[in-house]
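Order-wise, the sequence lines are chains A and B.
Residue numbering for the first sequence follows this note's numbering, starting at 793 and increasing by one per position.
Residue numbering for the second sequence follows this note's numbering, starting at 57 and increasing by one per position.
Take a look at the structure set out below.
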Amino acid sequence: MKVLADIAEVIRSKNAGPFVVTFDILFSNEADFTAVRTAGLVTRQAVAELYGVSENEMLGFDYYPFARAIKFSIRRPVGSGAPGDSDVYGAQQHAPLLDLPALP
Amino acid sequence: MIERKSDGEFVVVSCGMLGYGFPEASIDAAVAAGVDLIAADAGSSDPGAYYLGSGKPFVSEVMTRRDLRLLIKAGAEAGAPLVIGSAGGAGGDGQVDFLLRITREVLAELGLKRSIAVLRTELDKDVVREAIAGQRVQTFETFAPLSPDDVDEAVRIVAQVGCESYYPALRGKPDILIAGRAWDVANVAALPLLLGYPRGLALHMGKILECGSLAARPVAGSDLILGRLREDHFIVEPTDPAKSCTIASVSAHTFYEKTDPVMLAGPGGTVDLRGVAFDQIDPRRVRVTGSAFHAADTYTVKLEGARLDGHRHICIGGVRDPVFIRQLDDIQARVVERISEFQAGSVDPSAYSINFHRYGKDGVMGSWEPVRVPAHEVGLLIDVVAQTPELAEIVCAGARSVLLHVGFDGRKATAGNVAFPFSPADMPGGPVYSFNIYHLMEVDEPETMGRLEIAA
Numbered sequence: 793m794k795v796l797a798d799i800a801e802v803i804r805s806k807n808a809g810p811f812v813v814t815f816d817i818l819f820s821n822e823a824d825f826t827a828v829r830t831a832g833l834v835t836r837q838a839v840a841e842l843y844g845v846s847e848n849e850m851l852g853f854d855y856y857p858f859a860r861a862i863k864f865s866i867r868r869p870v871g872s873g874a875p876g877d878s879d880v881y882g883a884q885q886h887a888p889l890l891d892l893p894a895l896p
Numbered sequence: 057m058i059e060r061k062s063d064g065e066f067v068v069v070s071c072g073m074l075g076y077g078f079p080e081a082s083i084d085a086a087v088a089a090g091v092d093l094i095a096a097d098a099g100s101s102d103p104g105a106y107y108l109g110s111g112k113p114f115v116s117e118v119m120t121r122r123d124l125r126l127l128i129k130a131g132a133e134a135g136a137p138l139v140i141g142s143a144g145g146a147g148g149d150g151q152v153d154f155l156l157r158i159t160r161e162v163l164a165e166l167g168l169k170r171s172i173a174v175l176r177t178e179l180d181k182d183v184v185r186e187a188i189a190g191q192r193v194q195t196f197e198t199f200a201p202l203s204p205d206d207v208d209e210a211v212r213i214v215a216q217v218g219c220e221s222y223y224p225a226l227r228g229k230p231d232i233l234i235a236g237r238a239w240d241v242a243n244v245a246a247l248p249l250l251l252g253y254p255r256g257l258a259l260h261m262g263k264i265l266e267c268g269s270l271a272a273r274p275v276a277g278s279d280l281i282l283g284r285l286r287e288d289h290f291i292v293e294p295t296d297p298a299k300s301c302t303i304a305s306v307s308a309h310t311f312y313e314k315t316d317p318v319m320l321a322g323p324g325g326t327v328d329l330r331g332v333a334f335d336q337i338d339p340r341r342v343r344v345t346g347s348a349f350h351a352a353d354t355y356t357v358k359l360e361g362a363r364l365d366g367h368r369h370i371c372i373g374g375v376r377d378p379v380f381i382r383q384l385d386d387i388q389a390r391v392v393e394r395i396s397e398f399q400a401g402s403v404d405p406s407a408y409s410i411n412f413h414r415y416g417k418d419g420v421m422g423s424w425e426p427v428r429v430p431a432h433e434v435g436l437l438i439d440v441v442a443q444t445p446e447l448a449e450i451v452c453a454g455a456r457s458v459l460l461h462v463g464f465d466g467r468k469a470t471a472g473n474v475a476f477p478f479s480p481a482d483m484p485g486g487p488v489y490s491f492n493i494y495h496l497m498e499v500d501e502p503e504t505m506g507r508l509e510i511a512a
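Here it is as structure tokens:
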């Protein structure tokens, strides 16, 4: 089994405005991108489960061949910088994706 | 009327964040390349609502002055206008004044005479109240409608204006344009749009250039980036000869900081990247074709408003006792309960909130954290936000002392539960703001958004 960290070139999270965090998984070549897509392990459901969020809080999940990328976003429980927020830039929310199974 | 150059090319150099710095060699290279426009973004909503609420500049005056001096000098040498948007971080009137003052001081130091236009985009609250009454405000990413109470509570409201709002200022051909809150793309794209370049290409180029050299590799510190726009394509290239733009670096940046990487919504419509092609024309440069644009039925601008949530006082401590760490959730709840008991009658519990950031447990990810086993030691940050600085200090001190001595099941260490690195253990964190307005407002005439001033 291979996890995303073994295959992807970039795995990152960042604010997309103060109320949404967006996640990018970028591959360095077509073959890796296609292999992960075909394996069907990295899915909207898998990601929602990983972060413990409902379908409602997930905003989009898609494979983008033109950029060899997977992208999805999640609504923040607390707005950026508001009381109770833990990551103003949303840049450290990617870590659980590193260990997500991607290839059997 | 402003006209295109005879060779049909429009060259823009872009600074992703005014005051983050860039190598001097990069701006020299841009001048040598014959730039037609120097674009600089000076703000973002990314650092939170604090800068909009407090009016404080996001980047220090010293660093802002450093970058500004180089860009102003380059603009004079190249005969190119300098366009700066989102002045001071959030683009409020006071932050525009801050940037205008530094600009004037730099011009005086350099002995240069350059014309300055100022476009203010802070809104009178009545404008927003009327828009609500006229049902011209749309719910956006807060997923809640805007109420007149939100407007009352906001300390300051700005409109993030689009390219069209820059046109009246740019038609006057100022050497320097300082704008309040603006779409970062507008700094790059407004002038070429006014010259008649295709909308999809100009806006897409603006989107790629707006974060400076983040679209180049290696990503090492902040730097400038250059775009060459023509009728049917644009080319992205780094100003630093040691850097390269690759298909991967440019297409990846198209993804950055937005939810939909193919349809980029902005003031006035959507950039459609479904038909985009990236070509590596040489080792350092990428050509982009096929970016399209669809105008929206109604033109909207984003409103941003900041509310004062209170004043912060914090305490930092560490916990190493495994019995304590296992019961942290319970202990924490008990601390909050105790404080309200102790302070009953003297402090209203609705006048403050206590958050525990638990580094080593879920301090970074909170409810999104899938790892539920805490580390062998946990950093505790007690974060109190209260109606007044004094109350925040009182509640924080109370939480700290209760936490230090609170009992728990199986406790062996009866002398104290927390290791504090500092004395005093508590410190003030200043006022706390959040975005209470983040909505779209419909605008009939975008060119009249903002108040244009010609500064002498």
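Quick reminder that beta carbons are idealized off the backbone N, C-alpha and C, glycines included.
Local conformation of residue i per DSSP, three classes
i        : result
His413/B : strand
Val293/B : Reading off the sequence, residue 293/B comes out as Glu, not Val. Here Glu293/B sits in strand by DSSP.
Asn821/A : coil
Asp123/B : helix
Ala242/B : helix
Pro248/B : helix
Pro857/A : helix
Leu892/A : coil
Phe154/B : helix
Ala235/B : strand
Met497/B : strand
His350/B : strand
Val67/B  : strand
Ala808/A : coil
Tyr489/B : strand
Gln884/A : coil
Met261/B : helix
Buried/exposed call for residue i, threshold 16 Cβ in 10 Å
i        : result
Met319/B : exposed
Thr120/B : buried
Phe478/B : exposed
Pro857/A : exposed
Pro297/B : exposed
Met793/A : exposed
Glu293/B : buried
Glu266/B : buried
Pro893/A : exposed
Gln216/B : buried
Ile337/B : exposed
Gly144/B : buried
Arg376/B : exposed
Ile510/B : exposed
Asn848/A : exposed
Ala471/B : exposed
Leu280/B : buried
Leu257/B : buried
Whole-angstrom C-beta distance between residue j and residue i, which should lie under 8 Å
i        : j        : result
Leu202/B : Phe66/B  : Wrong, their Cβ atoms sit about 38 Å apart, outside the cutoff.
Ile128/B : Leu74/B  : At roughly 11 Å, the Cβ-Cβ gap does not stay under 8 Å, so Ile128/B and Leu74/B are not in contact.
Gly873/A : Tyr106/B : 6 Å
Ala132/B : Arg170/B : 7 Å
Asp123/B : Gly236/B : Rounded, the Cβ-Cβ distance is 19 Å, inconsistent with contact.
Gly68/B  : Ala89/B  : Inspection of the sequence shows that residue 68/B is occupied by Val rather than by Gly. Going by Cβ atoms, the distance from Val68/B to Ala89/B rounds to 10 Å, so no, they are not a contact pair.
Gly109/B : Arg212/B : 7 Å
Phe464/B : Ile387/B : 6 Å
Leu436/B : Arg467/B : So it is not a contact: roughly 17 Å between Cβ atoms.
Ser142/B : Glu360/B : Actually they do not touch by this definition, with Cβ atoms about 10 Å apart.
Pro445/B : Pro484/B : 6 Å
Chain E contact residues for residue i, given Cβ-Cβ distances below 8 Å
i        : result
Lys314/B : The chain inventory of the structure shown lacks chain E, comprising the protein chains A and B.
Exercise. May I ask you to list, following chain order, the residues of the stretch 854 to 887 of chain A that have a beta carbon less than 7 Å from some beta carbon of chain B?
Key: Tyr856, Phe858, Ala859, Ala861, Lys863, Ser865, Pro869, Gly871, Ser872, Gly873, Ala874, Pro875, Gly876, Ser878, Asp879, Val880, Tyr881, Gln884, Gln885
Practice problem: Please specify which runs of the alpha helix (DSSP H), each continuous and at least 4 residues long, are wholly inside the stretch 175 to 214 of chain B, giving them in chain order. | Solution: Considered as a whole, the stretch 175 to 214 of chain B harbours 181 to 189, 204 to 209 as its complete alpha helix (DSSP H) runs of no fewer than 4 residues, in chain order.
Practice problem: Run through the stretch 367 to 445 of chain B for me and flag every whole alpha helix (DSSP H) of 4 or more residues, listed as ranges in chain order. | Solution: 378 to 382, 384 to 398
Quiz item: Using a Cβ cut-off of 9 Å, which residues of the stretch 402 to 428 of chain B contact any Cβ in chain A, in chain order?
Solution: Ser409, Asn411, His413, Asp418, Gly419, Val420, Met421, Gly422, Ser423, Trp424, Glu425, Pro426, Val427
Practice problem: Compile a chain-ordered list of the residues in the stretch 289 to 323 of chain B whose CB is closer than 8 Å to at least one CB of chain A. | Solution: Ala304, Ser307, Ala308, Thr310, Phe311, Tyr312, Glu313, Lys314, Thr315, Asp316, Pro317, Val318
Exercise. Could you list the residues in the stretch 431 to 464 of chain B with a C-beta less than 8 Å from some C-beta on chain A, going in chain order?
Key: Asp439, Val441
Quiz item: For the stretch 87 to 108 of chain B, which residues have a beta carbon sitting closer than 7 Å to at least one beta carbon of chain A?
Solution: Ser101, Asp102, Pro103, Gly104, Ala105, Tyr106
Quiz item: In chain order, which alpha helix (DSSP H) runs of at least 4 residues are fully inside the stretch 76 to 122 of chain B?
Solution: 80 to 88, 106 to 110
Quiz item: Using Cβ-Cβ distances below 8 Å, what residues of the stretch 472 to 490 of chain B are close to chain A?
Solution: Val488, Tyr489, Ser490
Practice problem: Scan the stretch 190 to 220 of chain B for residues whose Cβ lies nearer than 7 Å to a Cβ of chain A and list them as they occur along the chain. | Solution: Glu197, Thr198
Quiz item: Residues in the stretch 326 to 350 of chain B with C-beta within 9 Å of chain A's C-beta atoms, listed in sequence order?
Solution: Leu329, Arg330, Val332, Ala333, Phe334
Practice problem: Pull out every residue of the stretch 821 to 845 of chain A whose Cβ sits closer than 9 Å to any Cβ of chain B, in chain order. | Solution: Glu841, Leu842, Tyr843, Gly844, Val845
Quiz item: Residues in the stretch 795 to 806 of chain A with C-beta within 7 Å of chain B's C-beta atoms, listed in sequence order?
Solution: Going along the stretch 795 to 806 of chain A in chain order, one finds Val802, Lys806 with a Cβ nearer than 7 Å to chain B.
Self-check item: Interface residues of the stretch 228 to 259 of chain B facing chain A [CB-CB below 9 Å]
Solution: none
Quiz item: Which of the residues in the stretch 365 to 388 of chain B, read from start to end, lie with their CB under 9 Å from any CB of chain A?
Solution: Asp365, Gly366, Arg368
Quiz item: Taking Cβ-Cβ distances below 7 Å as the criterion, which residues of the stretch 490 to 503 of chain B are in contact with chain A?
Solution: Ser490, Phe491, Tyr494
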